[in-house]
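Residue numbers (our numbering): 26 to 635. Ideal Cβ positions, reconstructed from N, Cα and C, are used throughout, including at glycine. What you are looking at is a predicted structure, and each value in this text was computed from that prediction instead of being measured. Here the structure is laid out as structure tokens; the discussion comes afterwards.
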Amino acid sequence: MDQGEIRGARLDVITEEVEHQDLNRTSITMEPYNDRGEPGAQRFPVGTGEGSSPSPTGADDGHDEDSIFKDGEIETESTIIRNRLQEKVAEMEHFAGHLEEIFLTVEENFGRREQHLEQHYNDVLQTLSQRYDERSSGLEQEKKGKLEGLYGQLLTCGQAMDASKELIEMAQEIHRSQDKRLFLKAVMPAIKRIEAFAKDELDLTLAADLEFNTPLADLSDVKTMMDSINVVPAPSAPVINPQIPNSATQTSLRVCWSLFSDDTVEYYELYYRPVLEDTPVDSASARVSKAEVKETHCTVTDLLPNAQYELWVTATNTTGISPASEKAFYMTVPSPPAIKQRECTSCPEAALIRWESGNADPVDSYTVEFSEMGADGVTESIVAVPNCQSLIQLQAGRRYLISVRAVNIGGPSNRSEVVTVSTTGTFFHLLEDTAHPCLSVSPDGFTIFNGDEEQPISAMGLDDNTFTRCVAVLGDLIPVRGRHYWEVEVDEATEFRIGVAYEDTERSSYLGANNSSWCMRHILTPSRHKYEFLHSGWSPDLRITVNPERIGVALDYQRGTLSFFNVDLEQHLHTFQCHFQHYVLPCFGLDNPGALTVHNGIEAPEYTLV
């Protein structure tokens with residue numbers, strides 16, 4: 026009987042029990058009726074002398090109500106019992122399914138053992154057949170040698186008998202001779218022949234032993250094979266699992282593998298080695314490490330961060346060692362990135378964070394985590410960032426703590442050093458790689474200097490991104506189309522240019538002399554301080570009576586304006602009207618020796634918003 030028949034038989038028995046209990050409840054409910062289906066005798070309460078008849082007003086209806094209540098209780102109890110039986114049926118079905126799985130497992134294991142036993146049986150028969158053929162051939166050769174020896178000895182005896190018979194006949198003939206002269210003449214040669222024949226010793230021992238002394242066949246290997254039938258076979262090759270996410274740290278890997286259920290294993294040996302860029306995968310030069318464990322998992326430590334490792338595993342028991350598994354490749358977690366604070370910019374609506382990977386091998390992605398200062402833990406994160414920068418949308422007037430993690434298949438790295446970002450105002454540093462060779466930038470990245478000495482063009486280190494004619498430098502403004510504000514502190518004896526320019530503005534042109542830059546220019550003349558607001562080489566005719574020492578610059582992408590203010594007087598100086606087609610960068614230039622300082626990260630004053 027198979028498992029389906031067993032399960033069906035159990036369910037049929039349970040169903041019969043349920044039907045039997047339902048019939049019992051029905052018979053209990055129909056008890057007032059007799060065997061013929063007629064109403065049975067009803068009992069009435071006995072009075073003091075007279076029988077009481079049913080009340081015509083329904084005074085005996087209480088009995089019917091009790092019956093109804095009893096019927097309800099029976100029905101409730103029946104429902105409870107039915108539910109219990111259904112639960113038992115479900116449990117039995119689950120148990121039957123489990124038994125079926127065990128049955129299939131036993132069948133599979135039996136099939137493997139039967140195949141294994143049949144293989145051993147065939148090997149034993151083949152070995153015995155080989156031994157039989159070898160010993161049979163040996164006996165045949167020994168028999169042939171004995172028979173050939175005996176046959177040779179038989180021929181020798183026959184020849185000796187023929188010779189002796191001939192001598193006897195010759196002697197008899199001489200003895201019967203009547204002629205004495207002939208007797209004397211023939212007797213001496215005959216005697217010599219007889220003496221010569223007598224001198225030849227005839228070997229009468231058998232030339233071959235009648236017994237066969239062939240040793241018994243060595244059947245030790247057959248005995249070993251017979252004994253091995255009851256010995257556990259060597260394990261099959263394990264199957265190493267692919268790496269799962271978050272299964273590694275910066276210096277460790279958790280490796281898992283599997284094996285056939287009927288294999289017996291005493292221990293496993295896990296081999297691993299790093300895959301280096303300058304070393305082929307199949308090269309034997311990389312040092313191979315080994316770990317011995319009894320479980321089907323192992324955590325290897327002391328590894329390189331963000332490195333790929335090649336792994337394989339073998340299984341061992343008393344019989345032998347399995348073949349090696351197929352090789353798998355795992356990755357350790359990357360090293361933490363390093364945020365480049367000098368290249369991070371912000372504004373009231375967002376922050377642009379840039380970082381270095383810190384890993385020789387590329388990582389899968391990055392995760393940026395940020396929280397408002399004073400909040401517990403990480404409030405938000407941006408995942409699957411493909412490159413080393415991220416533009417984060419933030420709320421104005423807050424301070425944030427921002428960090429970055431590198432991520433690969435092994436998991437996320439440790440958190441980078443935390444940087445603090447303020448969204449009170451626009452914050453940026455100067456781009457030193459754009460500075461003219463005559464300009465020097467302070468270590469904090471906010472002040473530029475133009476010295477007195479002039480350098481020859483041959484001594485200047487110029488590239489395509491460096492200003493070559495105008496002694497200027499660009500600022501690293503965040504690419505957000507909103508409102509931006511910064512201030513510039515200048516000296517009245519310094520000729521300067523301040524404003525904005527496209528990133529690809531001509532490096533061989535002066536700021537304000539082309540259509541890709543807008544600037545305020547200060548010129549010293551013998552009679553006065555002259556101020557120009559240049560774009561494409563043209564400036565309106567404006568006169569500023571009070572020389573500004575701190576100039577506010579307000580950029581509004583939405584309104585398409587660039588405005589300049591005298592901060593000390595809260596005075597508006599000029600506004601360019603331009604719908605900027607691309608993002609612009611702050612620009613600062615010094616036309617004579619001097620210095621200027623940029624102040625940013627400050628909130629725009631109310632008078633700049635008009």
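{"Asked": "G524 burial status per 10 Å Cβ neighbour count (16 or more: buried)", "Found": "buried"}
{"Asked": "Cα-Cα separation, P611 to L278", "Found": "48 Å"}
{"Asked": "Per DSSP, cross-strand counterpart(s) of I548", "Found": "K555"}
{"Asked": "Sequence-distant residues of the same chain with beta carbon closer than 6 Å to A353, five excluded per side", "Found": "I265 and L336"}
{"Asked": "Integer-rounded CB distance, given that P411 should sit under 8 Å from E381", "Found": "Actually they are not in contact, since the Cβ atoms of E381 and P411 sit about 15 Å apart, beyond 8 Å."}
{"Asked": "Closer than 8 Å to chain D by CB, E132", "Found": "In summary, chain D is missing from the structure at hand, where a single protein chain is found."}
{"Asked": "Separation of E302 from S390, as counted between CA atoms", "Found": "20 Å"}
{"Asked": "Supposed close pair A273, V388 - CB separation, criterion 8 Å", "Found": "Not quite, the Cβ-Cβ distance comes to about 13 Å (not below 8 Å), so this is no contact."}
{"Asked": "Backbone CA spacing between I378 and V444 [nearest angstrom]", "Found": "9 Å"}
{"Asked": "Whole-Å CB distance - P551 paired with F558, under 8 Å assumed", "Found": "In fact, because the Cβ distance is near 22 Å, the residues do not count as touching under 8 Å."}
{"Asked": "Strand pairing of H604, partner residues [DSSP]", "Found": "According to DSSP, H604 bridges with nothing at all."}
{"Asked": "Residue interval of the beta strand (DSSP E) (run including P348)", "Found": "That residue, P348, is in no beta strand (DSSP E); it is neither H nor E in DSSP."}
{"Asked": "Within 8 Å, strictly: CB atoms of I548 and E512", "Found": "no"}
{"Asked": "Sub-8 Å separation of A620 and T472 beta-carbons", "Found": "yes"}
{"Asked": "Where Q596 sits in the DSSP three-state scheme", "Found": "strand"}
{"Asked": "7 Å Cβ shell around T326 - same chain, five flanking residues per side excluded", "Found": "T276 and S277"}
{"Asked": "Same chain, Cβ closer than 8 Å to A259, five either side skipped, listed in chain order", "Found": "N342, T344, G345, I346 and S347"}
{"Asked": "Y632 (DSSP reduced to helix, strand or coil)", "Found": "helix"}
{"Asked": "Cβ shell of D627 (< 8 Å), same chain only, five flanking positions each side left out", "Found": "Residue identity differs from the one stated: residue 627 is Ile in this sequence, not Asp. T449, G450, Y510, W511 and E512, listed in sequence order."}
{"Asked": "Alpha helix (DSSP H) segment containing L209, residue limits", "Found": "K205 to K224"}
{"Asked": "Short Cβ contact (8 Å threshold) for P263 with L284", "Found": "yes"}
{"Asked": "Where F120 falls, given that 16 or more other Cβ within 10 Å makes a residue buried", "Found": "exposed"}
{"Asked": "Residue closest to L419, alpha-carbon to alpha-carbon, out of A375, L426 and S396", "Found": "A375"}
{"Asked": "Own chain, CB closer than 7 Å to I364, minus 5 neighbours either side, in chain order", "Found": "I378, W380, V429, S441, E442 and V444"}
{"Asked": "Closest by C-alpha distance to Q606, when choosing among Y582, G170 and S261", "Found": "Y582"}
{"Asked": "Burial state of R546, where buried means 16 or more other Cβ atoms lie within 10 Å", "Found": "buried"}
{"Asked": "Cβ-Cβ separation, E294 to K315 (assumed contact under 8 Å), whole Å", "Found": "6 Å"}
{"Asked": "Per-residue DSSP class, three states only, for F135", "Found": "helix"}
{"Asked": "Minimum C-alpha distance to N475 - residue among H454, V498 and N490", "Found": "V498"}
{"Asked": "Helix, strand or coil at V338 according to DSSP, with G and I counted as helix", "Found": "strand"}
{"Asked": "As assigned by DSSP and simplified to three states, the class of M26", "Found": "Since pLDDT at M26 reaches only 44, below the 50 mark, its modelled position is unreliable, and the value read off the structure follows with that caveat. Three-state result, M26: coil."}
{"Asked": "Nearest to S350 (by Cα), restricted to the options E405, S261 and S406", "Found": "S261"}
{"Asked": "Own chain partners of D593 with C-beta closer than 8 Å, once the 5 adjacent residues on each side are dropped", "Found": "P573, E574 and R575"}
{"Asked": "Beta-bridge pairing of I434 - partner residues as DSSP gives them", "Found": "Answer is none; I434 lacks a bridge partner."}
{"Asked": "Start and end residues, beta strand (DSSP E) containing W380", "Found": "A375 to E381"}
{"Asked": "Collapsed DSSP secondary structure at T82 in the structure displayed", "Found": "Only weak support exists for where T82 lies, its pLDDT of 37 falling under 50; the value from the coordinates is given anyway. Note: T82 maps to coil in three-state DSSP."}
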